[in-house]
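Notes for the one structure printed next.
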Amino acid sequence: MEKFKMLLAAALAAELKMSATEVRDMMETPPNPAWGDIAIPCFPLAKVLRKAPQAIAADLASVLSQQDVVERADVVGGYVNVTLKGEIVARDIVTRLMDGDMGYGEVKPGSGKKVVIDFSSPNIAKPFGIGHLRTTVIGHSIARLYSELGYQVERVNHLGDWGTQFGKLIVAYQMFADNDPLTEDPISTLYRIYVEFHRVADERPELEEEARLWFRRLEQGDPEARRYWQWFIDVSLREYQRVYDLLGIDFDHFLGESFYEPLLDGAIAEVQDKGLARVSDGALIVDLEEFGMPPCLLRKSDGATLYATRDIAAALYRDRTYNPEILIYVVGQEQILHFRQLKQVLQLMGEPAGDKLVHVPFGMFKLRDGRMSTRRGKMIFLEDVLAKSIELAAGVIAEKNPELGGSEEIARQVGVGAVVFGDLKNGRIKDVVFDWEEILNFDGETGPYVQYTHARVCSLLRRAGDEARIALASADTLTEEHGLPLVKLLGDFPQTVARAAGAFEPSLLSRYLLDVAQSFNRYYHHHRVLVEDADVMSTRLAVVSAVKFVLAHGLYLLGISAPDRM
RNA sequence: GCGCCCGUAGCUCAGGGGAUAGAGCAACUGCCUUCUAAGCAGUGGGCCGCAGGUUCGAUUCCUGCCGGGCGCGCCA
């Protein structure tokens with residue numbers, strides 16, 4: 173559809189003494205599809221051209237109606253409503269999509285460029301809660317979207333693998349774990365002893381001191397401390413990997429905070445060399461008052477570095493190592509200020525990383541009665557949610573499709589798909605109240621609905637058989653009721669992918685896939701695909717193939733499996 | 001107190017300077033001897049938080065207020 177809009181915009185550009193892109197940007201979609209495919213409101217032009225909007229609309233209409241692709245150009249009030257020739261449009265869209273052609277041409281838009289994306293980033297020795305779902309699936313989808321556009325994507329898991337909590341963990345392990353080998357449920361054990369440590373340390377402050385000492389030893393490379401530390405990381409990662417496997421997610425780099433430790437002094441020196449740092453109340457800061465922000469702390473008064481220091485070092489490292497176009501951080505909205513400060517400091521340093529840095533914030537998962545809290549045990553484990561969803565999916569399959577082969581794997585795909593889609597369905601900035609019923613719903617605007625539609629499509633193609641002809645044989649069929657709107661919607665796919673990537677907003681794509689699924693199901697209900705008439709059937713099969721590509725590829729870009737039966 | 005975000009149908013949410021504000025869930029009603037009913041079709045349900053302003057036109061942009069969330073120098 174975009175292609176035709178540009179075509180018409182170019183045709184009008186001369187008449188309006190505007191650029192084709194400007195004309196394109198004026199175009200809207202009529203509220204009622206029966207009015208046409210494209211609407212151009214002429215009110216804004218009235219002033220410039222000193223003519224009544226209706227008169228302008230009439231002029232444009234006469235130019236437009238001479239275009240080959242235009243069926244009709246109607247003047248309604250101050251609008252021109254353009255109806256394109258369905259057959260031409262449909263042919264163009266279906267031919268491309270049934271071959272899986274996104275229409276990028278020879279070179280993809282991101283070709284030769286890179287992005288670095290930081291997402292998921294769990295804290296070692298802490299359980300993977302539902303709260304971590306968001307950064308994980310949003311980041312994963314954004315990574316796939318950018319890959320789709322041709323970018324080389326470096327996916328970084330910025331593990332929380334450093335800090336005084338490791339000192340506490342070592343002390344706690346020695347005190348409370350009874351030499352637990354941490355082979356079974358290690359994170360629960362680590363988490364339990366961590367909480368226990370805090371409880372006991374209230375009455376025995378010397379434990380805190382001991383923990384500090386252990387962390388000091390860790391920092392100094394003491395072999396025993398390092399062995400513990402590495403061990404905690406290993407067992408934690410093994411657990412996280414189970415979740416990542418379930419979700420089908422992988423990373424290019426697991427670079428935790430510890431990785432940047434050796435780079436911190438250098439990073440601080442760079443900030444100081446630019447004359448940006450000063451000491452205040454014993455701490456080393458970058459004053460950001462003129463930007464309306466609190467200062468960025470580089471060193472505490474005791475000399476220790478902070479989160480911001482690590483992030484500066486990490487940003488510099490990523491920028492210099494990969495030289496990407498964009499440095500993406502998929503991190504909760506509660507850190508908006510932190511990333512504004514980080515970006516500002518990097519910009520003050522004159523670092524390209526400052527301009528490249530993009531924080532992609534998202535709202536939090538909450539419980540009905542308020543915030544989740546790891547400390548108070550008010551949290552929901554992601555694995556529990558996934559397990560329940562998979563179990564439920566298995567139940568639905570047993571009920572509706574008991575003979576389905578390989579149903580265990582399909583239940584996994586559907587169960588996980590429901591959870592992932594549920595998280596990607598809404599704009600990421602909104603807070604989400606966790607609700608078992610909602611997350612385990614498989615009807616309506618859900619992942620399983622889109623997957624089910626895809627499975628239906630596959631079923632049609634399967635039944636048609638390998639030797640079935642798939643071709644645009646019948647113009648009438650191509651433009652039939654319910655069919656043409658579906659095809660036109662399919663034509664928006666590439667544009668939608670590009671918009672979702674550009675806005676770092678997978679929900680644009682998930683919403684679109686719901687529209688496609690709904691539109692196809694309507695079509696499916698009204699037209700039989702497998703019919704006697706060979707031309708009608710081959711044409712419908714062509715449309716079905718295009719739908720299959722859009723749904724399968726769209727789900728892939730969201731990080732969701734598309735089983736071919738369910 | 002200051003800053004950022006959110007406020008749209010009973011619930012969850014889309015939309016966004018433009019013509020009649022849309023889905024899903026829940027409720028009610030139809031549709032399986034024909035390609036998967038995880039589906040389709042229909043009914044009801046709205047001062048788009050409130051008050052001003054800009055504009056030919058505001059639910060959308062601006063200001064103020066109300067309500068909710070988050071953040072605000074030695075946590076991450």
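Numbering (our numbering), first residue to last: 173 to 738. Just so you know, even glycine gets a beta-carbon here, dropped at the ideal spot from N, CA and C. Only a predicted model underlies this, so the values are computations on that prediction, with no experimental measurement involved.
Here's the rule: buried if 16 or more other CB atoms are within 10 angstroms of the residue's CB, otherwise exposed. What is residue i?
{"i": "Ala-739", "result": "Given that the chain is displayed from residue 173 to residue 738, the structure contains no residue 739 and the question cannot be resolved."}
{"i": "Arg-548", "result": "exposed"}
{"i": "Lys-720", "result": "buried"}
{"i": "Gly-258", "result": "buried"}
{"i": "Asp-483", "result": "buried"}
{"i": "Lys-550", "result": "exposed"}
{"i": "His-531", "result": "buried"}
{"i": "Pro-205", "result": "exposed"}
{"i": "Arg-820", "result": "The shown model of the chain, from 173 to 738, leaves out residue 820, and the question about it has no answer."}
{"i": "Glu-200", "result": "exposed"}
{"i": "Glu-652", "result": "buried"}
{"i": "Arg-196", "result": "buried"}
{"i": "Ser-473", "result": "exposed"}
{"i": "Pro-358", "result": "buried"}
{"i": "Asn-573", "result": "exposed"}
{"i": "Asp-231", "result": "buried"}
{"i": "Ala-397", "result": "buried"}
{"i": "Arg-700", "result": "exposed"}
Residue i lies in the alpha helix (DSSP H); which residues open and close that run?
{"i": "Gln-585", "result": "579 to 596"}
{"i": "Val-557", "result": "554 to 572"}
{"i": "Leu-188", "result": "174 to 188"}
{"i": "Leu-729", "result": "706 to 730"}
{"i": "Arg-364", "result": "358 to 373"}
{"i": "Thr-649", "result": "647 to 650"}
{"i": "Ile-642", "result": "Taken as a continuous stretch (DSSP letters only), Ile-642 belongs to no alpha helix (DSSP H), as it is neither H nor E."}
{"i": "Val-443", "result": "436 to 445"}
{"i": "Ile-611", "result": "608 to 611"}
{"i": "His-510", "result": "508 to 520"}
Give the DSSP bridge partners of residue i, in chain order.
{"i": "Tyr-501", "result": "Asp-290 and His-531"}
{"i": "Asp-350", "result": "Note: Asp-350 sits in no beta bridge, so no partner."}
{"i": "Gln-667", "result": "Answer is none; Gln-667 lacks a bridge partner."}
{"i": "Asn-693", "result": "Partner(s): none; Asn-693 has no beta bridge."}
{"i": "Pro-213", "result": "Tyr-251"}
{"i": "Ala-627", "result": "Partner(s): none; Ala-627 has no beta bridge."}
{"i": "Phe-404", "result": "Its beta-bridge partners do not exist; DSSP assigns none."}
{"i": "Lys-602", "result": "Answer is none; Lys-602 lacks a bridge partner."}
{"i": "His-425", "result": "Val-328"}
{"i": "Asp-246", "result": "Asn-253"}
{"i": "Glu-550", "result": "It is Lys, not Glu, that sits at residue 550 in the sequence shown. According to DSSP, which records beta bridges pairwise, Lys-550 is partnered with Ser-545."}
{"i": "Glu-200", "result": "Ala-211"}
{"i": "Asn-295", "result": "Gly-332"}
{"i": "Val-451", "result": "Leu-456"}
{"i": "Thr-477", "result": "Arg-471"}
{"i": "Val-301", "result": "This sequence places Gly at residue 301; Val is not what is there. The partner list for Gly-301 (beta bridge, DSSP) reads Phe-553."}
Tell me which residues share the same chain as residue i and place their Cβ nearer than 6 Å to its Cβ, disregarding the 5 neighbours each side in the sequence.
{"i": "Ala-383", "result": "Gly-339, Lys-340 and Val-343"}
{"i": "Ile-421", "result": "His-312"}
{"i": "Leu-727", "result": "Ala-734"}
{"i": "Lys-528", "result": "Ile-498 and Leu-499"}
Apart from the five residues on each side of it in sequence, which residues of its chain come closer than 8 Å, Cβ to Cβ, to residue i?
{"i": "Ala-218", "result": "Ala-224, Pro-225, Ile-228 and Gly-250"}
{"i": "Lys-285", "result": "Gly-322, Tyr-323, Gln-324, Pro-496 and Glu-497"}
{"i": "Lys-660", "result": "Met-173, Asp-209, Val-261, Ala-262 and Ile-265"}
{"i": "Glu-617", "result": "Lys-597 and Leu-686"}
Enumerate in chain order the residues of its own chain whose CB-to-CB distance from residue i is below 7 Å, with the five nearest sequence positions on each side excluded.
{"i": "Val-325", "result": "Val-287, Ile-289, Ala-315, Tyr-318 and Ser-319"}
{"i": "Leu-729", "result": "Ser-313, Arg-316, Leu-317, Glu-320, Val-669 and Leu-681"}
{"i": "Ala-714", "result": "Val-266, Met-270, Ile-642, Ala-643 and Leu-644"}
{"i": "Glu-380", "result": "Ala-373"}
{"i": "Leu-221", "result": "Ile-228"}
{"i": "Leu-564", "result": "Gly-587 and Leu-612"}
{"i": "Ser-430", "result": "Asp-333 and Trp-334"}
{"i": "Arg-671", "result": "Leu-680"}
{"i": "Ala-349", "result": "Thr-361 and Ile-365"}
Taking the beta strand (DSSP E) that residue i falls in, what are its first and last residues?
{"i": "Phe-387", "result": "Note, Phe-387: premise wrong, no beta strand (DSSP E); alpha helix (DSSP H) at 378 to 391."}
{"i": "Lys-470", "result": "What sits at residue 470 in the sequence shown is Leu, not Lys. Where Leu-470 is concerned, the enclosing beta strand (DSSP E) stretches over 468 to 471."}
{"i": "Phe-537", "result": "537 to 539"}
At a cut of 8 Å, does the stretch 535 to 547 reach the stretch 692 to 707 through at least three beta carbon pairs? no
Taking contact to mean at least 3 C-beta pairs separated by less than 8 Å, is the stretch 677 to 693 in contact with the stretch 596 to 609? yes
Are the stretch 302 to 311 and the stretch 518 to 538 in contact at 8 Å, needing three or more beta carbon pairs? yes
At a cut of 8 Å, does the stretch 346 to 362 reach the stretch 398 to 412 through at least three beta carbon pairs? yes
Three CB pairs or more closer than 8 Å across the stretch 566 to 580 and the stretch 503 to 512: no
Does the stretch 412 to 426 come close enough to the stretch 436 to 456 that 3 or more CB-CB pairs lie under 8 Å? no
The stretch 460 to 468 touching the stretch 360 to 378, judged by at least three CB pairs closer than 8 Å: no
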